[in-house]
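Worksheet: the structure to be examined is printed underneath.
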Amino acid sequence: MNKRTLLPSLTLLVLSACGSADYASAPIQTAGLPNPVELQANAALDAVASDYLKLTLAMGEAEAGYVDAYYGPKELPEKAKVNPATLAELGSEISKLSSRLRLVGDDGLTPMLLRRKTFLQAQLKAAATRRQMLSGKRLSFRAESLGLFGATPDLKPLSSYDATLTKIAALVPGDGDLATRVDAFQDRYTIPKDKLKSVFDVAIAECKARTENHINLPAGERFTMEFVTGKSWSGYNYYQGNYNSLIQINTDLPIRISRAVDLGCHEGYPGHHALNMLLEKNLSNDRGWREFSVYPLYSPQSLIAEGSANYGIDLAFPGKERLKFEQKKLYPLAGLDPKTAPAYQALQEALTDLRGARFTIAKQYLDGEITKEAAIAATQKYQLVSRKRAEQSIAFTDDYRSYVINYGLGQDMVHGFIERGNPSADEKWQRMEKILSEPTLPGDLGPGD
Ligand SMILES: [Zn+2]
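For the sequence shown, our numbering assigns the number 452 to the last residue and increments by one with no breaks.
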């Protein structure tokens, strides 16, 4: 069970207003002819959205990395820089905007406008939480993740993952410490450095082709890919606006073959690049909703972004298709033996059952229940990685704290929403497109599974 804190009735409201038996199958709404009440409400939301945009840029001056993407007017970030707001000023601005938003009554709002309002409320709640943290307030892992991302995972004791470790041990026979065995096994699937670019190029092209079969991407869209070092993450999409992304891949640690499809889908298609483009096109450009020209990292938008990016891997490569593609195209390109691919794939699938252990470790570490050294040791044991990889994982937790929930929990929630009722492949893509094109919040997805 996942917590739903953001207007749990929103899905129902949207459901009845769409007049559809199934919210997920309702067509993507296009802007119709608005009535005067709707126009007035939209104008009030526009005014709040403009100030929310300035607030987010001001928060970005208080914390490097807070603004993940921005493609609005160039002069606004310059203004925020010249006159940086204090944390106290930011706090009072957040309160003012929240009050103004409450004054926009729900009556007369179309379902999409109601979602716009709810989205702004959720983003402001996240900004308030982050501002408190910047002011030195210590929040529990649970309070922090709920405040920033609108969801928190159910945590299981680490010992509940012991049975999974036993299962995985059978896949990687041998003596000695299991993490060392698994790491050594995975290292056999490393892409040689001089082949990285060609393997990634082919993988991303395939992720794009599979996405384009189902979703119209804006004309002129493009991305640039760079290999970088010295980061706590494995890949990052810096969305630049105008349907353009800079995708960076971190080569600090050897990159194994499965990461090509993982990162191609996650950072590219139908992941972050697609999400940002569809928000820019549908909400920022077509509707003029300026709040979508900025993306604050510590907000529910990130749960949707990471969750949809991770789920997008399985959506683009269902069943055995991923294994087939990797065997046919990527293994030969990387100089690896395609016959060994099924064993590697089986291990990758088994390792996903350990995903939740990362949350438990992050919670214990961030809540001060265990030391950094203990967190690294627990990561080695329950994520089955080398010391270096465990250190990178805890460095990520140091940098981004409860952000770690967005990957696994977000994926479970997006999966639950899209696959509810056993839909066809086309229907799954339609639901994905809705998530990527509308002001989606964790509460819109319903409980995960
Ligand atoms: Zn991501």
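Cβ atoms here follow ideal geometry from the backbone N, Cα and C, with glycine treated the same way.
Segment limits, beta strand (DSSP E) that includes Gly244:
238-244
Hey, how far is the Cα of Leu79 from the Cα of Lys57?
7 Å
Using DSSP with H/G/I as helix, E/B as strand and the rest coil, what is Asp25?
Caution applies to Asp25, whose pLDDT of 31 falls short of 50 and renders its modelled position unreliable; the value that the coordinates give is listed next. Three-state result, Asp25: coil.
With a threshold of 16 other CB atoms inside 10 Å of the CB of Asp186, please say whether the residue is buried or exposed.
buried
If you follow the alpha helix (DSSP H) that Phe203 is part of, which residue opens it and which one closes it?
199-215
So, Phe188 versus Val264, is the Cβ gap smaller than 8 Å?
no
Given a threshold of 16 other Cβ atoms within 10 Å of its Cβ, counted over all protein chains shown, does Glu1 qualify as buried or as exposed?
Outside the shown range of the chain, which is 4 to 452, sits residue 1, and nothing can be said about it.
I need the straight-line Cα distance from Thr232 to Phe399, nearest angstrom please.
14 Å
Three or more beta-carbon pairs under 8 Å between the region 189-198 and the region 251-269, yes or no?
yes
Can you give me the start and stop residues for the alpha helix (DSSP H) that Asn247 sits inside?
It is not in any alpha helix (DSSP H) - Asn247 instead sits in the beta strand (DSSP E) that spans 247-253.
At 3 residues or longer, what runs of the beta strand (DSSP E) sit wholly inside the region 68-96?
70-73
Between which residues of its own chain and Ile438 is the CB-CB distance below 6 Å, once the five residues before and five after are set aside?
Ser311
Going by DSSP in three states, Leu18 sits in which element: helix, strand or coil?
Reliability fails at Leu18, whose pLDDT of 25 lies under 50, so the model's placement of it is uncertain and the value that follows must be treated cautiously. DSSP places Leu18 in helix when its eight states are reduced to three.
Ser248 classed as buried or exposed, judged by whether at least 16 other C-beta atoms fall within 10 angstroms:
buried
Would you mind sorting Arg105 into buried or exposed? The rule is 16 or more other CB atoms within 10 Å of its CB.
exposed
From Asp49, Ser440, Val40, Lys342, residue whose alpha carbon lies closest to that of Glu283:
Ser440
Locate the beta strand (DSSP E) running through Glu229, then write down its first and last residues.
225-231
Ile207 to Ser98 span [Cα, whole Å]
43 Å
Taking the beta strand (DSSP E) that Val40 falls in, what are its first and last residues?
Looking at the DSSP string, Val40 is not in any beta strand (DSSP E); the run it does join, the alpha helix (DSSP H), is 39-65.
Smallest Cα separation from Ala67: which of Tyr301, Asp197, Lys200, Thr183?
Tyr301
Rounded C-alpha distance that separates Lys120 from Gly153
15 Å
Extent of the continuous alpha helix (DSSP H) run through Pro445:
445-448
Candidates Phe328, Gly424, Glu294, Lys431, of which the one nearest Val70 by Cα
Glu294
For the candidate residues Tyr241, Tyr314, Phe362, whose alpha-carbon lies nearest to that of Met280?
Tyr241
Given this structure, state the Cα-to-Cα distance separating Ser95 from Glu229, to the nearest angstrom.
40 Å
For ligand 1, is there a heavy atom less than 7 Å away from the beta-carbon of His275?
yes
What's the gap between the Cα of Arg118 and the Cα of Asp109?
10 Å
Reducing DSSP to helix, strand and coil, say where Glu400 ends up.
As written in the sequence, residue 400 is Thr, which differs from the Glu given in the question. Of the three classes helix, strand and coil, the one that applies to Thr400 here is helix, per DSSP.
Hey, is His418 close to ligand 1, as in C-beta under 7 Å from one of its heavy atoms?
no
Over the uninterrupted alpha helix (DSSP H) stretch that includes Pro335, give me the two end residues.
334-337
Go ahead and label Asp429 buried or exposed: buried means 16 or more other beta carbons lie within 10 angstroms of its beta carbon, across all protein chains shown.
exposed
Cβ-heavy atom distance between Ala131 and ligand 1 below 7 Å?
no
What do you reckon, is the C-beta of Ala360 under 7 Å from a heavy atom of ligand 1?
no
Contact set for Glu64: own chain, Cβ-Cβ below 8 Å, skip 5 residues either direction:
Ala83, Lys84, Pro87, Ala88
Taking buried to mean at least 16 other C-beta atoms within 10 Å of its own C-beta, is Pro156 buried or exposed?
buried
Please determine, among Gly359, Ala130, Val388, Ile408, the residue with the shortest C-alpha to C-alpha distance to Asp180.
Val388
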